Amino acid sequence: MTSVSFSYPDFESAEFLKDHVQKVLNFYRGRALDPSGGFFHGFEDDGTLFDEDFRHLVSSCRFIFNFAGAYCREGNHQDLALAKHGLRFLTSAHQMPDGFYAWELTAGQVSDGRAMAYGHAFVLFAAAHALQ
């Protein structure tokens with residue numbers, strides 16, 4: 002039996018974290034934008050899109066604050082445009098007539114309309130980052 006040597010990255014290293022964030026952003030920048038609204042969420046590790054229709058509130062919000070944060074750090078106007086695109090989708094598709102935000106959407110329609118506190122915390126976090 003052979004043993005495999007493995008070591009974890011230094012998760013506390015600023016350089017590791019910056020590099021990791023950049024890799025995540027680069028993964029999504031070229032493929033996540035859904036021109037009809039919001040972002041595609043269902044990707045394989047190799048970038049293959051496996052679900053064009055499903056949207057989750059927390060993931061929709063994460064795209065917004067990731068791109069807004071990238072704009073604040075790097076000043077890339079593409080990231081600002083992506084954050085605004087996500088915010089428009091959040092307020093037009095996830096937001097329901099009662100003002101709450103739907104937990105899940107499928108093909109642009111509410112598939113789970115529960116108003117989850119956890120999801121609404123992400124809405125506030127995304128909106129705050131988008132306004133910076």
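Add 1 to the 1-based position in the sequence shown for the numbering used here, that's all there is to it.
Positions of the beta carbon are idealized from the N, C-alpha and C atoms, including for glycine.
All values derive from a computational prediction rather than experimental measurement.
| Asked | Found |
| --- | --- |
| One or two residues paired with GLY43 in a DSSP bridge | ASP52 |
| Where the alpha helix (DSSP H) through VAL22 begins and ends | 15-30 |
| Beta strand (DSSP E) segment containing VAL111, residue limits | 110-113 |
| Collapsed DSSP secondary structure at GLN133 in the structure displayed | coil |
| CA-to-CA distance, VAL25 to GLU13, given in whole angstroms | 17 Å |
| Per-residue burial, VAL5 [other beta carbons within 10 Å of its own, 16 or more giving buried] | exposed |
| Sequence-distant residues of the same chain with beta carbon closer than 6 Å to LEU58, five excluded per side | HIS95, TYR102, TRP104 and GLY120 |
| TYR102 (DSSP reduced to helix, strand or coil) | strand |
| Beta carbon of SER61 nearer than 8 Å to that of GLY39 | yes |
| Per-residue DSSP class, three states only, for THR107 | strand |
| Alpha-carbon to alpha-carbon, LEU18 and VAL124 | 24 Å |
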